[in-house]
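**Student:** Questions regarding the structure given below will be posed in turn.
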Amino acid sequence: MTKKTMSGAGDHNILVVDDDSDIRVALEMLLKYEGFSVWTAKSGTEALQRLELEATAGNRASLVISDVKMPGLDGMGLLDALMEQPNSPPVVLVSGHADVPMAVEAVRKGALDFLEKPLDQNRVLVSVRSALRQGLLAQENQTLKARLAERYPLVGSSPAMEELRVHIERAAAAMAPILVTGENGTGKEVVARNLHMASDRAAGPFIAVNCAAIPAELIESELFGHEKGSFTGAFETRVGHFEAANGGTLFLDEIGDMPLAAQAKVLRALETREITRVGSTQSFEVDIRVVAATNADLAAAVEEKTFRMDLFFRLNVVPLRVPPLRDHIADVDELSAYFLKDLAARSGRANIGLSDDAKKLLRTTEYPGNVRQLRNLLEGAMVFSQGDQVRAADLAVILEGGPALATPNSTPGSDNEVFDVETFEEFKNQSEALFFRRKLDGNAGNVKRTAEELGMQRSHLYRKLERYDLRR
Ligand SMILES: Nc1ncnc2c1ncn2[C@@H]1O[C@H](COP(=O)(O)OP(=O)(O)OP(=O)(O)O)[C@@H](O)[C@H]1O
Ligand SMILES: [Mg+2]
Numbered sequence: 006m007t008k009k010t011m012s013g014a015g016d017h018n019i020l021v022v023d024d025d026s027d028i029r030v031a032l033e034m035l036l037k038y039e040g041f042s043v044w045t046a047k048s049g050t051e052a053l054q055r056l057e058l059e060a061t062a063g064n065r066a067s068l069v070i071s072d073v074k075m076p077g078l079d080g081m082g083l084l085d086a087l088m089e090q091p092n093s094p095p096v097v098l099v100s101g102h103a104d105v106p107m108a109v110e111a112v113r114k115g116a117l118d119f120l121e122k123p124l125d126q127n128r129v130l131v132s133v134r135s136a137l138r139q140g141l142l143a144q145e146n147q148t149l150k151a152r153l154a155e156r157y158p159l160v161g162s163s164p165a166m167e168e169l170r171v172h173i174e175r176a177a178a179a180m181a182p183i184l185v186t187g188e189n190g191t192g193k194e195v196v197a198r199n200l201h202m203a204s205d206r207a208a209g210p211f212i213a214v215n216c217a218a219i220p221a222e223l224i225e226s227e228l229f230g231h232e233k234g235s236f237t238g239a240f241e242t243r244v245g246h247f248e249a250a251n252g253g254t255l256f257l258d259e260i261g262d263m264p265l266a267a268q269a270k271v272l273r274a275l276e277t278r279e280i281t282r283v284g285s286t287q288s289f290e291v292d293i294r295v296v297a298a299t300n301a302d303l304a305a306a307v308e309e310k311t312f313r314m315d316l317f318f319r320l321n322v323v324p325l326r327v328p329p330l331r332d333h334i335a336d337v338d339e340l341s342a343y344f345l346k347d348l349a350a351r352s353g354r355a356n357i358g359l360s361d362d363a364k365k366l367l368r369t370t371e372y373p374g375n376v377r378q379l380r381n382l383l384e385g386a387m388v389f390s391q392g393d394q395v396r397a398a399d400l401a402v403i404l405e406g407g408p409a410l411a412t413p414n415s416t417p418g419s420d421n422e423v424f425d426v427e428t429f430e431e432f433k434n435q436s437e438a439l440f441f442r443r444k445l446d447g448n449a450g451n452v453k454r455t456a457e458e459l460g461m462q463r464s465h466l467y468r469k470l471e472r473y474d475l476r477r
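Structure below.
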């Protein structure tokens, strides 16, 4: 009999954890038959030991399949331990009928899936396949992010950018909080990272928090951390972003969207340099520099009483305004060259240039979505370009297709790509990503307006955009 294995299965090690030897053996046989290499462990503790041992030998697991109920360290404990490690393998849990609520909780905590006993072979293999795919994606994202973190150059030599650079240099040295303002896509985050890198905290952490992406009821615990059991759902003690940024910079993005109750606590933390975890009475000192950013008019928000005046004054000691692209349009050439080089490197293409007519067109295009829009336009045009140049005609395809097409992967007519998938799950994801990309582009990248148009909670929309990586 010839054995049909999953493609690439041999490259994957799967760790099966169960105290019940029947299930261990059954899973091991099934997965081995599919061509995977299988490790087994009888408990969470044994699983962690095995992973560590293999790691010292240079082997890593692509996936962990673990029972929920086990003596000693159980499946939930194992999941917690793994979630704390960087680059840990994805986890699929196996539960008896009675433990389903616990398994659901586990998925909320980061497990990829759960399987109910008695195990169905097909269901197991579907889950394994999708977990491996997602594991690979997560890994790619991590390396990408690590690479991105290496450098965030602020490109442009127009007077406006030179002035911004001087201001960054000066502001970086101070301890005071900094408020970065500017329209959508102008480069506020790039500025915040440059502030960090130019400061004497550059070796410390840079922690970015999108205040608009966190549901109001969770923001305090996200910022300040919480003690185990301090509220429903607080299963473990959690370190907040203020604590994580100790010795470095805390970037509070979209601060205009922070709920008033949280604003009061942030102000207090800025003034006392001390924080208290939710559910704790003990406070401790943190050494952080806060950089906040917003595209909202905070002074107007103060008038409307949606933003605290005292916090506004506290943050606005050192204001940094990032100009819209139309005010430094001379930088379009330099920015384009930088983006083309960067995009080519990312997609593994040879370096690509701009024809003269393309340069001219780029200088006369309007950019309500600012630098991000320019980047998206170039990324889209690259898809159509032939040879080593992007021409005006390639840009026109995107520009004439409307802003909705000025994004990667959405080549005209390619909506059909949502059908080029195997599973319903993938179909749903593809179409959802496409939908949000179009709506966002239709609003020049303005998340607030898009959320309003869609009648969606802004934090919910932000999570979608993050999930589909639609906001670079
Ligand atoms: N001066 C610049 N040099 C290089 N890249 C830039 C510059 N300005 C913006 N970018 C790029 O443009 C994109 C948008 O920048 P960024 O995310 O910093 O904007 P933002 O002002 O925070 O936008 P939003 O208001 O939507 O949050 C990113 O890909 C960023 O790398
Ligand atoms: Mg931003």
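Each residue of the sequence shown is one higher than the last, beginning at 6 in the working numbering.
We treat Cβ as the ideally placed atom computed from N, Cα and C, and that holds for glycine.
(1) Using only the alpha-carbon positions, how far apart do residue 456 and residue 466 sit?
(2) When we look at the beta-carbon of residue 362 and count the other beta-carbons within 10 Å, is it buried (16 or more) or exposed?
(3) Let me make sure I understand the geometry here. Which of 191, 236, 184 and 287 has the alpha-carbon closest to that of residue 255?
(4) Is it the case that the region 72-84 contacts the region 41-50, given that we only count it when at least three CB pairs across the two stretches are under 8 Å?
(5) Identify the residues that DSSP records as bridge partners of residue 256: which are they?
(6) For residue 101, which residues in the same chain have their Cβ closer than 8 Å to its Cβ, ignoring the five residues on either side in sequence?
(7) Taking residue 66 as part of the beta strand (DSSP E), name the residues at either end of that continuous run.
(8) Check this for me: beta carbons of residue 117 and residue 95, under 7 Å apart or not?
(9) Run the CB neighbour count on residue 268, radius 10 Å, all protein chains shown included, and call it buried at 16 or more, exposed below.
(10) How many angstroms separate the CA atom of residue 178 from the CA atom of residue 383?
(11) My understanding is that residue 334 touches residue 394, with C-beta atoms under 8 Å, so please give their C-beta distance in whole angstroms.
(12) So does residue 243 have its beta carbon nearer than 6 Å to some heavy atom of ligand 1?
(13) DSSP beta-bridge partners for residue 118?
(14) Please name the residue, chosen from 330, 322, 258 and 266, that lies closest to residue 300 on a Cα-to-Cα basis.
(15) Counting beta carbon pairs with one atom in the region 278-288 and one in the region 218-231, are three or more of them shorter than 8 Å?
(16) Taking the Cβ atom as the reference point for each residue, do residue 292 and residue 252 lie within a distance shorter than 7 Å?
(17) With a floor of 4 residues, list each alpha helix (DSSP H) that falls wholly inside the region 157-181, ordered by position along the chain.
**Tutor:** Put simply:
(1) By 1-based counting over the sequence shown, the position of residue 456 is 451. By 1-based counting over the sequence shown, the position of residue 466 is 461. The alpha-carbon atoms of residue 456 and residue 466 are separated by roughly 6 Å.
(2) For the purposes of this step, residue 362 is taken as the residue at position 357 of the sequence shown. Classification of residue 362: exposed, given that the 10 Å Cβ count is below 16.
(3) In the sequence shown, counting from the first residue as 1, residue 255 sits at position 250. Nearest of 191, 236, 184 and 287 to residue 255, Cα basis: 184.
(4) Output reads yes: the region 72-84 touches the region 41-50.
(5) Walking along the sequence shown from the start, residue 256 turns up at place 251. According to DSSP, which records beta bridges pairwise, residue 256 is partnered with 213 and 296.
(6) Your numbering for residue 101 matches position 96 in the sequence shown. Only 73, 74, 121 and 122 meet the Cβ criterion.
(7) Taking the sequence shown and counting its residues from 1, one reaches residue 66 at position 61. No beta strand (DSSP E) holds residue 66; DSSP gives it neither H nor E.
(8) Sequence index remark: in the sequence shown, residue 117 carries index 112 (1-based). Sequence index remark: in the sequence shown, residue 95 carries index 90 (1-based). Cβ atoms of residue 117 and residue 95: closer than 7 Å.
(9) Within the sequence shown, residue 268 is the residue found at index 263, counting from 1. So residue 268 counts as buried.
(10) The count along the sequence shown starts at 1 and reaches residue 178 at position 173. The count along the sequence shown starts at 1 and reaches residue 383 at position 378. In a straight line, the C-alpha of residue 178 is about 35 Å away from that of residue 383.
(11) Translated into positions along the sequence shown, residue 334 becomes position 329. Translated into positions along the sequence shown, residue 394 becomes position 389. The Cβ separation is near 22 Å, so there is no contact.
(12) Counting from one through the sequence shown, the residue named residue 243 turns up at place 238. Flag unset: Cβ of residue 243 not near ligand 1.
(13) What you label residue 118 is simply residue 113 of the sequence shown in a count that begins at 1. According to DSSP, residue 118 bridges with 97.
(14) Translated into positions along the sequence shown, residue 300 becomes position 295. Per the Cα distances, 258.
(15) yes
(16) Indexing the sequence shown from 1 puts residue 292 at position 287. Indexing the sequence shown from 1 puts residue 252 at position 247. Against a cut-off of 7 Å, the Cβ pair of residue 252 and residue 292 comes out as a contact.
(17) 164-178
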